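The structure under discussion appears below in the form of structure tokens.
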Amino acid sequence: MSSLHIPWLALVQSNKRLDREKGLQQLQESVNEGRLGEEERREGEREVSELVTSLTSPWEAKHGGLMAATVLLPGASPQFMEKMKGEVPLLLEYDESRVRWQVCCGGGCMEVLPYITGGIEGNLERDSGEVDTQLTQKLSQSSSSSSPENSHTEDRTERLVFTCLSHTNRFVRETGHRVIAAFISIPGLSTASVSAFWPDIARNMAKGLSDNWSQVRMSSSVATRVFLTQLPSLEAREPYFPSLLPPLCLNRHYVAEGVRLYCQET
Numbered sequence: 001m002s003s004l005h006i007p008w009l010a011l012v013q014s015n016k017r018l019d020r021e022k023g024l025q026q027l028q029e030s031v032n033e034g035r036l037g038e039e040e041r042r043e044g045e046r047e048v049s050e051l052v053t054s055l056t057s058p059w060e061a062k063h064g065g066l067m068a069a070t071v072l073l074p075g076a077s078p079q080f081m082e083k084m085k086g087e088v089p090l091l092l093e094y095d096e097s098r099v100r101w102q103v104c105c106g107g108g109c110m111e112v113l114p115y116i117t118g119g120i121e122g123n124l125e126r127d128s129g130e131v132d133t134q135l136t137q138k139l140s141q142s143s144s145s146s147s148p149e150n151s152h153t154e155d156r157t158e159r160l161v162f163t164c165l166s167h168t169n170r171f172v173r174e175t176g177h178r179v180i181a182a183f184i185s186i187p188g189l190s191t192a193s194v195s196a197f198w199p200d201i202a203r204n205m206a207k208g209l210s211d212n213w214s215q216v217r218m219s220s221s222v223a224t225r226v227f228l229t230q231l232p233s234l235e236a237r238e239p240y241f242p243s244l245l246p247p248l249c250l251n252r253h254y255v256a257e258g259v260r261l262y263c264q265e266t
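Just so you know, we're using UniProt numbering here: the sequence shown kicks off at 1 and counts up by one.
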């Protein structure tokens, strides 16, 4: 059996996004309706493995292959699962950001997170422009997690994010505040393991609210609103009013309209 006999497999290799999404939809429907036969699944696994691992595959084909792999992984053969897992470190460093992002969307939080964290630490040491992309990958993982104890309260992760909030690159600072907003939106915020970081979070958000760049102010404004609304009571919020309310009120008159209106609404 070849890819020509499997419509979804031909589509996910297309250089057109709509074709890749159509192919993914066909595959998902086949799986949901129980129409994906054993022979088609194994051939699909083989072809997808080649797309993802080939050094000559265009990024669109890798992207489509990863999309298909996300659907195939439940019930996949051990060989396919190990092959996909083995490609994670390489694909997280791939030139095209959409490929890196797809790895995070389908890789599974606990499988991918150590590689992302290591990549951020390495790029921070080199002061690389890829840090903001890898922070966005971490944002994807935090958004998909519902258990702070399992993922995002480790000292290593928290220190890493706080370091990024003081990074010289404004895009890294902006993305860092987006990550913070995602962290504090995770259910279980009031647990002791998370609340221990509240003072550090508030201190860093106050800096972001006074940043020279409007994009950083905007992401920090969003994080600040999430932070204050997530706290369980007025008594819990009051300790942070002295540091957060002055810059938040000043931003109600900031020159950038997006920041100004958002803070007025807050």
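Where a beta carbon is used, it is the ideal one built from N, C-alpha and C, also for glycine. All figures in this text were calculated on a predicted structure; none of them were measured in a lab.
Status (buried if at least 16 other CB within 10 Å, exposed otherwise) for residue 62: With 16 or more other Cβ atoms from the protein chains shown falling within 10 Å of its own Cβ, residue 62 counts as buried.
Within its chain, find whatever has a CB closer than 8 Å to the CB of residue 71; leave out the 5 residues flanking it on each side and keep chain order. 24, 27, 28 and 31
Let me know the alpha helix (DSSP H) ranges lying completely inside the stretch 74-101, each 4 residues or longer, listed in chain order. 78-91
Distance check for residue 245 and residue 256, CA to CA, integer angstroms please. Cα to Cα, the separation comes out at about 19 Å.
Going straight from the alpha carbon of residue 265 to that of residue 223, what length do you get? 14 Å
So, helix, strand or coil for residue 14, using DSSP? coil
Nearest to residue 198 (by Cα), restricted to the options 41, 230, 52 and 76: 230
At the level of alpha carbons, what is the spacing between residue 21 and residue 67? 9 Å
If contacts are defined as beta-carbon pairs under 8 Å, then residue 45 and residue 76 qualify, I think. What distance do you get, rounded to the angstrom? 6 Å
Which runs of the alpha helix (DSSP H) fall wholly inside the stretch 34-75 and span at least 4 residues, in chain order? Unbroken alpha helix (DSSP H) stretches of 4 residues or longer found wholly inside the stretch 34-75: 38-53 and 59-72, given in chain order.
Proximity below 8 Å, CB of residue 247 to CB of residue 206: yes
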